[in-house]
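Read through the structure below, which is laid out as structure tokens, and then see the notes.
Number of protein chains: 2
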Amino acid sequence: MSQQRTGPTDGPDFPDLPEATVARLPEYLRALHHLAEDGHDTVSSEGLAAAAGVNSAKLRKDLSHLGRTGTRGVGYDVTLLIDQIEQVLGLTHRRAVALVGVGNLGHALAGYAGFGTRGFRIAALFDADHSRVGEHINGLVVRHIDDLPEVVDQESISIAVIATPAHAAQHVADRLVEAGVTSVLNFAPCVLNVPDGVDVRKVDLAIELQILSFHEHRKSALTALPAAVQKPGRVGMANRLGGEAVAT
Amino acid sequence: MSQQRTGPTDGPDFPDLPEATVARLPEYLRALHHLAEDGHDTVSSEGLAAAAGVNSAKLRKDLSHLGRTGTRGVGYDVTLLIDQIEQVLGLTHRRAVALVGVGNLGHALAGYAGFGTRGFRIAALFDADHSRVGEHINGLVVRHIDDLPEVVDQESISIAVIATPAHAAQHVADRLVEAGVTSVLNFAPCVLNVPDGVDVRKVDLAIELQILSFHEHRKSALTALPAAVQKPGRVGMANRLGGEAVAT
DNA sequence: AGGCGCTTGTGAAGCCGTGCACAAATCGCG
DNA sequence: CGCGATTTGTGCACGGCTTCACAAGCGCCT
Ligand SMILES: NC(=O)c1ccc[n+]([C@@H]2O[C@H](COP(=O)([O-])OP(=O)(O)OC[C@H]3O[C@@H](n4cnc5c(N)ncnc54)[C@H](O)[C@@H]3O)[C@@H](O)[C@H]2O)c1
Ligand SMILES: NC(=O)c1ccc[n+]([C@@H]2O[C@H](COP(=O)([O-])OP(=O)(O)OC[C@H]3O[C@@H](n4cnc5c(N)ncnc54)[C@H](O)[C@@H]3O)[C@@H](O)[C@H]2O)c1
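As they're listed, the protein sequences go chains R and U.
No gaps in the numbering here: position 91 of the first sequence is 90 in numbering that gives the first Met the number 0, and each next residue is one more.
No gaps in the numbering here: position 5 of the second sequence is 4 in numbering that gives the first Met the number 0, and each next residue is one more.
So, in structure tokens, the structure goes:
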């Protein structure tokens, strides 16, 4: 079955995969796991695309970059495709993640089960506040940030999450990079400067809301002029589009 | 000066603004507020671009869509530009936001100060768990989700944040839409189906990590072949690129 | 065994976004 | 008052992404 492939860790079988595709693969992966739980063993591109909320042609093109994955006339083998995507995303082993800043948000993240079920393991918690150091959260002890190099080395941590106030984020990022971390997920609302070879992704709640605000603003500006449905009661507004996403 | 514009709420002065630009305006806004606090009253496109972490040409093109904003030879008036961007993003009044799902993550969000400082006001908290209803968080009372239509109406809420488990998210979204909410920020790892005219943005921590994982995987695959720096000690790795982002 | 229906994989076209490079505009100074 | 330094605003070309549409391939049924 899956063993027939020429080798799991063959190495450079990356046809350098468009960035947009990479960003969607995790979405497919989640939908596939869901389908697998529901007992499906094959999916059509149409079905998977619906479950992931994308265009089916886009999905097929994305998957075509992984090599020959589907079977014409049938669809995609769910478990095989899961393996392929996890392979490409480097999720074959559970990656160790460090979380820096165990405050309001950090506590929530530390207790988040979604880490474990999606291929990651929180390997360490750090904070600069001495009164927090030593605290036990979800089976982990909060360590002082000065221990960073040591722990990063011991636990082979390459990914870190920053959940400190914005004014501390750049400093934390510098220390992370210095300790050997090469990927950072930043929750602090600020721009991080890192050397080449280090990846940074950011999550900014306020930015997301402001983008929504823009569209709200635009909607109300538009509905002000035409004979608009100011408040259609509450009929027919709900799930019109699409139907159920997962399964059928 | 600024009063000379033909009218602040003129309405359809939207040259429909590229989506990519909309997504960056909040970033500029944050950088501008930072600059204003530091006493700057004008910025060059170069300076602002550096502070926001983007290309200066891109920034100029983005801002050019807002109309005549800068002064050649001088730069941009910081406070004026802040006003313009807030205008376009619809941040002239503090928008009311509902938060549904006051669990682990919801608590953190409810206590987040960044809402207030970036143009939003948490107007209501909802949960389905009766044992949570009535709880006071940050000056707000958690209400039962059945009160949604009433409260949404009273508080003129058009934006909602979903922080419930994934299996409840679609149901919550339906009820939100039914109550009149037209923008949703979804933290639950699932696809939401909503009717036309309703905007959904999602934040999925695991997806972000998986994208980082891919790049990690690729990095280690690449450094495996050439005469690579497996572990360069810890020298010279840190802040090489760029320098300080904000001010100079 | 052969045909038929279904689904993948992909060529090609169009759109959007990015970044260079430069002309136009503005200010300050002599 | 005019000139040069400076910085904006933008025309243009290029690359990437999306989408349509269809031929090639596969399994199933007769
Ligand atoms: N709370 C939220 O819901 C939320 C939402 C979106 C974004 N954020 C952002 O996430 C970040 C954290 O938010 P929060 O509400 O948890 O803040 P917080 O103040 O509750 O927690 C910050 C933690 O970081 C620690 N810290 C400070 N400096 C540090 C350093 N140099 N090294 C290590 N640890 C350090 C503090 O001791 C504290 O425990 C902020 O940047 C915030 O803007 C928070
Ligand atoms: N905790 C995190 O750090 C984190 C990070 C990223 C994403 N998420 C996602 O955010 C969501 C919430 O995570 P959490 O850790 O806070 O979970 P949680 O179980 O602690 O909280 C969920 C809350 O939602 C409420 N709820 C359930 N069904 C509801 C319904 N139909 N209507 C209203 N409220 C309802 C529950 O009563 C509970 O209070 C999940 O989807 C999770 O995957 C969480």
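C-beta: ideal position from N, C-alpha, C; glycine also.
Assuming residue i and residue j form a contact by the criterion Cβ under 8 Å, report the distance between their Cβ atoms to the nearest whole angstrom.
i, j, result
"Ile-161 of chain R", "Asn-185 of chain R", "5 Å"
"Ala-220 of chain U", "Arg-117 of chain R", "The pair is not a contact, with the Cβ atoms about 21 Å apart (cut-off 8 Å)."
"Leu-62 of chain R", "Ala-48 of chain R", "Not a contact, Cβ separation roughly 10 Å."
"Ala-97 of chain U", "Ile-156 of chain U", "5 Å"
"Ile-210 of chain U", "Pro-25 of chain R", "7 Å"
"Leu-147 of chain U", "Phe-125 of chain U", "6 Å"
"Ala-107 of chain R", "Leu-28 of chain U", "Not confirmed; about 26 Å, so no contact."
"Asp-40 of chain U", "Asp-76 of chain U", "7 Å"
"Ile-158 of chain U", "Glu-215 of chain R", "7 Å"
"Glu-207 of chain R", "Arg-200 of chain U", "5 Å"
"Gly-89 of chain R", "Ser-212 of chain U", "5 Å"
If I measure Cβ to Cβ from residue i and keep anything under 8 Å in the same chain, skipping five residues before and after, which residues do I get?
i, result
"Ala-248 of chain R", "The requested residue 248 of chain R is not part of the displayed model; chain R covers only 0 to 247."
"Leu-65 of chain U", "Gln-83, Ile-84 and Val-87"
"Asn-54 of chain U", "Ala-48"
"Val-171 of chain U", "Val-99, Gly-100, Ile-144, Ile-161 and Thr-163"
"Ala-110 of chain U", "Looking at the sequence itself, residue 110 of chain U is Gly, so the reference to Ala does not match. Result list for Gly-110 of chain U: Ile-136 and Asn-137, in chain order."
"Leu-139 of chain R", "Ala-109, Ile-121, Ala-123 and Leu-124"
"Gln-169 of chain U", "Cys-189, Leu-191 and Asn-192"
"His-274 of chain R", "What is shown of chain R runs 0 to 247, which leaves residue 274 of chain R out entirely."
To which residues of the same chain is residue i closer than 6 Å at the C-beta, ignoring the five residues directly before and after it?
i, result
"Asp-198 of chain R", "Ser-182"
"Gln-229 of chain U", "Legend: pLDDT at Gln-229 of chain U = 43, less than 50; position of this residue unreliable, no value from coordinates given."
"Gly-46 of chain R", "none"
"Glu-134 of chain U", "Val-141"
"Phe-114 of chain U", "Ile-121"
"Ala-56 of chain R", "none"
"Ser-43 of chain U", "Gly-74"
"Ala-35 of chain R", "Val-77"
"Val-202 of chain R", "Phe-186"
"Arg-72 of chain U", "Per the sequence presented here, residue 72 of chain U reads as Gly, with Arg not at that position. Excluding residues within five positions, none has a Cβ falling inside 6 Å."
Taking 7 Å as the limit between beta carbons, can you name the residues of its chain near residue i, skipping five residues before and five after?
i, result
"Val-151 of chain U", "Ala-97, Ala-178, Gly-179 and Val-180"
"Thr-20 of chain R", "Asp-61 and His-64"
"Thr-68 of chain R", "Leu-62, Tyr-75, Leu-80 and Gln-83"
"Arg-131 of chain R", "Val-101 and Val-141"
"Glu-154 of chain R", "Ala-95, Ala-122 and Ala-123"
"Val-176 of chain U", "Val-193, Pro-194 and Val-197"
"Ala-226 of chain U", "Legend: pLDDT at Ala-226 of chain U = 46, less than 50; position of this residue unreliable, value from coordinates given subsequently. Same-chain partners within the cutoff: there are none."
Whole runs of the alpha helix (DSSP H) within the region 113 to 194 of chain R, excluding any shorter than 4 residues: 113 to 116, 147 to 154 and 165 to 178
With 7 Å as the limit, tell me which residues of the region 202 to 214 of chain U have their beta carbon closer than that to any beta carbon of chain R; keep them in chain order. Val-202, Leu-204, Ala-205, Ile-206, Glu-207, Leu-208, Gln-209, Ile-210, Leu-211, Ser-212, Phe-213 and His-214
At what residue ranges does the region 44 to 102 of chain U contain a whole run of the alpha helix (DSSP H), taking only runs of 4 or more? 44 to 51, 55 to 63 and 77 to 88
Residues in the region 34 to 65 of chain R with C-beta within 8 Å of chain U's C-beta atoms, listed in sequence order? Ala-50, Ala-51 and Gly-52
For the region 102 to 113 of chain U, enumerate the residues whose C-beta is nearer than 8 Å to any C-beta of chain R, in chain order. Those residues of the region 102 to 113 of chain U that come within reach of chain R (Cβ to Cβ, closer than 8 Å) are Asn-103, Leu-104, His-106, Ala-107, Leu-108, Gly-110, Tyr-111 and Gly-113.
Which residues of the region 74 to 87 of chain R have a Cβ closer than 8 Å to any Cβ of chain U? Give them in chain order. Val-87
Could you name the residues of the region 115 to 131 of chain U whose beta carbon sits closer than 9 Å to any beta carbon of chain R, in the order they occur along the chain? Thr-116, Arg-117, Gly-118 and Phe-119
Any residues in the region 155 to 167 of chain R with a beta carbon nearer than 7 Å to a beta carbon of chain U? Which ones, in chain order? Ser-157 and Ile-158
Listed from N- to C-terminal order along the chain, which residues in the region 136 to 152 of chain U have their beta-carbon within a distance smaller than 7 Å of any beta-carbon of chain R? none
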